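For reference, the structure is listed below as structure tokens.
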Amino acid sequence: MAAASVSALAAQPVSAAEAAEAAEAAEAEPCAVVNGGFEEPGGLRGQGHLRKDVPGWRTSSGDGLIEIWGAGNHADPMDFTVPPDTGDQFAELNGTSVSTLYQDVRTLPGSTIDWSLAHRGRTRTQGSQDVMRVRIGGVVQVPEGQDSPDIADGGDTWGHYGGSYTVPRGQRVTRVEFVSVSSGTGRPSYGNFLDSVSTSCSLPNQPPTVPYLVLSGSVGQPLDGSLTSVDHEGGEVTYSATAPVPWLNVTVRPRGTVVARAIRPGVHQVPVKACDERGACADGRVVVVAYRRTRPIARSLADLYPTQSATPPVGPFPSGAVGKDRRMP
Ligand SMILES: [Ca+2]
Ligand SMILES: [Ca+2]
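Per mature numbering (1 follows the signal peptide of the UniProt record, and there is no 0), the sequence shown runs over residues -16 to -1, 1 to 313.
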């Protein structure tokens, strides 16, 4: 049985500069946090390193100090060694005081941020837990973004958590905060170990495993690209596009040539299908990044919004978005 497969999908934007900008915005990784495992600066051994040179991270602490722990540490007041969740180092949210560590990441409105982290309490005292939250929102906004439920752990093991956040319209910079809520020891400079922080972005309704073709250009301008697929038995492959949106016209011709024309700025997506003559099919997607003709690309990206929802949902984290020992897939 031959299987048609959309094996290679190449971008054909209108210019190299626009290609770079659109691909940067449309690709999945602009929202990644830096140094999420607290491995830099490296080579730190023992507990309690107070640093101002931790790449990527900022702190709410007035002294600007971020606390990093390395191998061979001693978790006073209970004298034992805490292994990092990953790598050689981790952070303590309660550095010299109750504080928040945070990063500002670049985001595409309408995209989804998936986050994950490892959290652990500092003391092993039975029933004692350190508590933190994840807060995600705009850099300046009231109220201050969305809070995760409490993330609470004792000192015996690392707990693993994950959740997601939809970037609202117009929000191109998003602040991801890791907030100390309380310490099981009751001491403001003790508690809330944090490690293995990771974020990733995905465009709305775009399964990351489905190949796609990115077309970029001005509103109203025809955009050309081509889909490539292979029938391993040498038969013909035909293509089709389904579920067009009202402000996007996509035609997929035989041999995989795509012509698209958007009448509204934004990121628009259309599923496509490649089938061989025996009816075996593979799914793909055409992503059209359309911007206002009269604006330079750097500004027009502010106008991007998702196809499926003119107003992205903004609300509390969905129930079940946070669960202990649950990693994001
Ligand atoms: Ca680490
Ligand atoms: Ca501390």
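Note that the Cβ used here is the ideal one computed from N, Cα and C, for glycine as well. Note that the structure is predicted; figures quoted are calculated from it, not measured.
At a cut-off of 7 Å, would you count residue i as near ligand 1, judging by its Cβ distance to the nearest heavy atom?
i: residue 100; result: no
i: residue 67; result: no
i: residue 180; result: yes
i: residue 73; result: yes
i: residue 21; result: yes
i: residue 70; result: yes
Given a cut-off of 8 Å on the beta-carbon distance, is the pair residue i and residue j in contact?
i: residue 180; j: residue 101; result: yes
i: residue 223; j: residue 78; result: no
i: residue 258; j: residue 207; result: no
i: residue 84; j: residue 161; result: yes
i: residue 71; j: residue 30; result: no
i: residue 137; j: residue 108; result: no
i: residue 203; j: residue 275; result: yes
i: residue 89; j: residue 15; result: yes
i: residue 146; j: residue 215; result: no
Going by other Cβ atoms of all chains shown within 10 Å of its Cβ, with 16 needed for buried, is residue i buried or exposed?
i: residue 51; result: buried
i: residue 134; result: exposed
i: residue 64; result: exposed
i: residue 237; result: exposed
i: residue 76; result: buried
i: residue 47; result: exposed
i: residue 292; result: With a pLDDT of only 29 at residue 292, under the threshold of 50, the placement of this residue in the model should not be trusted, and no figure is reported.
i: residue 218; result: exposed
i: residue 241; result: exposed
i: residue 152; result: buried
i: residue 205; result: exposed
i: residue 273; result: buried
i: residue 170; result: exposed
i: residue 247; result: exposed
i: residue 289; result: Confidence at residue 289 is low in this model, with a pLDDT of 31, below 50, so its placement is unreliable and no value can be given for it.
i: residue 67; result: exposed
i: residue 201; result: buried
Roughly how far, in whole angstroms, is the beta-carbon of residue i from the beta-carbon of residue j, given that I think they are within contact range, below 8 Å?
i: residue 105; j: residue 168; result: 5 Å
i: residue 199; j: residue 270; result: 7 Å
i: residue 185; j: residue 96; result: 7 Å
Task: Contact shell at 7 Å, judged by CB to any heavy atom of ligand 2, ordered along the chain - done: 32, 51, 76, 78, 79, 80, 173, 174
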